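Everything below concerns the one structure shown next.
Chains as they are written, first to last, in the UniProt record's numbering: chain D, 1 to 331; chain E, 1 to 332.
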């Protein structure tokens, strides 16, 4: 077990290193000259541009720049932009060209909104999805089962952003059934404002994702309801409720954990469509703004952070999987 | 006379089974799946919708001429009023055959022409990138599964790297880089915008199929027919393409039919987020432009919205049906 985790972590770190090299190379050879972002358009002389390049370290060889970037992540660094020096503490992912603040600090602040979306959405899609799936599995072949499967296939077939866009257009903008969306800090502005601003985003995200969970848990529930130990449990005279919840569901939930871990990692990595449509200031939206504004440090940081979430979540899921399912042996 | 055997069932001995004089016909898995699809009403309806869009895409130039509209022919000074709204047609002037779906605010371009050509962009990009991604996925999967050893490890690692990249973010960041690297002249710009989108979609579309094919090959290569082929000295290339590939047809077809809608949705989604092809009409881009006008000019938004919605939903449901048709475990 321990050896397995160590091996997974090593290979995860390797994946992240490759991703960071790829991202760095991509943006280094990318077209936008970052120095231009600092240079006031009307008074941008070649010497001035050269000075800015030098102060950003852009005149160094690529390998050296990459080395500095990596070093800054571990030890932190200091940036000099013109007259102002910016201190960038330990997990330093550079300083934003446009906003002139350390990227880590900026993204950590924005992350609250993304985390809010992910948590609320996950709470909804897990409860709705699992309930629907178990319900359908228990009433297999009935009208309710067919209805749940049909509706979930249909919702699943709609592109997520259209669902979100239609939801926002009608339920908020046109009919005003749901409150205006946006992110409000649950502590700073109070939990009521927080829930109000997130409500429709949660509902739509929950609805869209729950379809996959409903079908997935229905499938594995049907499988485990056919197992011998479920028959034994019924034969012992246990109540149907106890049979489904205690015996069948515990086995059925195992595969659901896998897809949940990955879905959650991707949600944390940035819910670009949700944030854009509902105007929630999270990491996804800041990445989108950074791409439009050619703010390279923020773009590469968001890509790296996303990769980190996905890699870490993958490892966690595999470990949890081996804990809850004794049949899985780690090799 | 005697006791009638009421307790006994009438037919203790089963009746002689009727001899069915039916010719035994060998059917390939693809034929079986096609038969299942033909009896699936939803799948047939989806095929009709998809064929409708394919026809629109193929005959887009003809259809625009038929309706008497022109692509990107609007001029803001002639076709728009002082509020940048169209002078003819919806939303203020009712229906007109001159512009059946109205003109776009701000530019005065014809919406119908944009819509017809949007179908073309969407389907072309989705089809080409699906095929490219399938090609890459199958070859890499075959390679990894068949070679095993270090090659397999390296490929698996590369797949891991690609799977841990956030698709949307990288696509959004990468496409403009490719475009500005190579698109130096206006003509080249258009070409590279198109190519960049294709590349980005292909680059992120091959991994799942590669994994799937690899897994299948790993189990197939130990089967007797492959061993037999190897024993009689069949060259590796022939084993790969004549022995293994035919057995992978089902997963490949399923992956294509589920990949198409994903790529159509991705193209429109990327365009909606503001990258993608700027010079060429795209539904996603029109949706992005039309959202602010929803309250005053809903038709402008509905047209591309319905396009994306119908096409993606039809393709997705068809993909589900294809998957079920190829799955021997589904009972219908």
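Ideal Cβ placement from N, Cα and C applies to all residues, glycine included.
Bear in mind that the values here come from a model prediction, so they are computed numbers and not experimental data.
With respect to chain D, the C-beta atom of residue 269 (chain E) has a partner C-beta closer than 8 Å. Counting every other CB atom within 10 Å of its CB across the protein chains shown gives residue 241 (chain E) a total below 16, marking it as exposed. Annotated three-state conformation of residue 297 (chain D) is helix, per DSSP. Residue-level contact check: residue 19 (chain D) touches chain E, since one or more beta carbons of chain E fall below 8 Å from its beta carbon.
Within the segment 62–76 of chain D, no residue places its CB atom closer than 8 Å to a CB of chain E. In the three-state DSSP reduction, residue 85 (chain D) falls in the strand class (E or B). Assigned with DSSP and collapsed to three states, residue 100 (chain E) falls in coil, not helix or strand.
Think of a sphere of 8 Å around the beta carbon of residue 247 (chain E): no beta carbon from chain D falls inside it, the nearest being about 25 Å out. If you look at residue 162 (chain E), you'll find it in the alpha helix (DSSP H) that goes 149–163. Rounded to the nearest whole angstrom, the C-alpha separation of residue 227 (chain D) and residue 167 (chain D) is 41 Å. DSSP, reduced to helix, strand and coil, places residue 261 (chain E) within a helical segment of the structure shown. Here residue 1 (chain D) is exposed: its Cβ has fewer than 16 other Cβ atoms, across all protein chains shown, within 10 Å.
Those residues of the segment 287–321 of chain D placed with their C-beta closer than 8 Å to a C-beta in chain E are 287, 288, 291, 292, 299, 302, 303, 306, 307, 310, 311 and 314, ordered along the chain.
In this structure residue 166 (chain E) is buried. Its beta-carbon is surrounded by 16 or more other beta-carbon atoms within 10 angstroms. In this structure, DSSP gives residue 238 (chain D) a state outside helix and strand, which the three-state scheme calls coil. Between the C-alpha atoms of residue 23 (chain D) and residue 304 (chain D) there is a straight-line separation of about 8 Å. Contact annotation for residue 164 (chain E) against chain D: 15, 19, 307, 310 and 311 [CB-CB distance below 7 Å, chain order].
Identification of residues in the segment 189–222 of chain E having a C-beta nearer than 7 Å to some C-beta of chain D yields an empty set.
At least one C-beta of chain E is nearer than 8 Å to the C-beta of residue 161 (chain D). Listed by position along chain E, the residues whose Cβ is nearer than 7 Å to that of residue 169 (chain D) are 294. For residue 269 (chain D), the residues of chain E that pass the 7 Å Cβ criterion are 166, in the order they occur in the chain. Check the Cα spacing between residue 314 (chain E) and each of D:250, D:299, D:154 and D:285: the tightest is with D:154. Residues 57 and 60 of the same chain have their beta carbon placed closer than 6 Å to that of residue 120 (chain E), with the five preceding and five following residues left out of the count.
Per DSSP, the unbroken alpha helix (DSSP H) holding residue 46 (chain E) starts and ends at 41–58. Residues of chain E with a Cβ closer than 7 Å to the Cβ of residue 215 (chain D) do not exist; the shortest Cβ-Cβ separation is about 10 Å. Rounded to the nearest whole angstrom, the C-alpha separation of residue 209 (chain D) and residue 273 (chain D) is 14 Å. Of all residues in the segment 166–185 of chain E, those with a C-beta nearer than 8 Å to a C-beta of chain D are 166, 168, 169, 170, 172, 173, 174, 176, 177, 180 and 181, reading in chain order. Using a Cβ distance threshold of 8 Å, residue 277 (chain D) and residue 184 (chain D) do not count as a contacting pair. If only complete runs of 4 or more residues are kept, the segment 224–309 of chain E shows the alpha helix (DSSP H) at 224–231, 249–272 and 283–290, in order along the chain.
Annotation: residue 49 (chain D) has no Cβ neighbours in chain E at a cutoff of 8 Å; minimum Cβ distance is about 18 Å. About 5 Å separates the beta carbons of residue 96 (chain D) and residue 298 (chain D), which is inside the 8 Å limit, making them a contact pair.
In the structure shown, the three-state DSSP call for residue 23 (chain E) is coil. Close partners of residue 157 (chain D) in chain E (Cβ separation under 9 Å): 261, 312, 313, 314, 315, 316, 317, 319 and 320.
In the three-state reduction of the DSSP assignment, residue 110 (chain E) falls in the strand class. Against chain D, the CB of residue 265 (chain E) has a partner CB under 8 Å away; the residue lies at that interface.
The beta carbons of residue 253 (chain D) and residue 140 (chain D) sit about 18 Å from each other, so the pair does not count as a contact at 8 Å.
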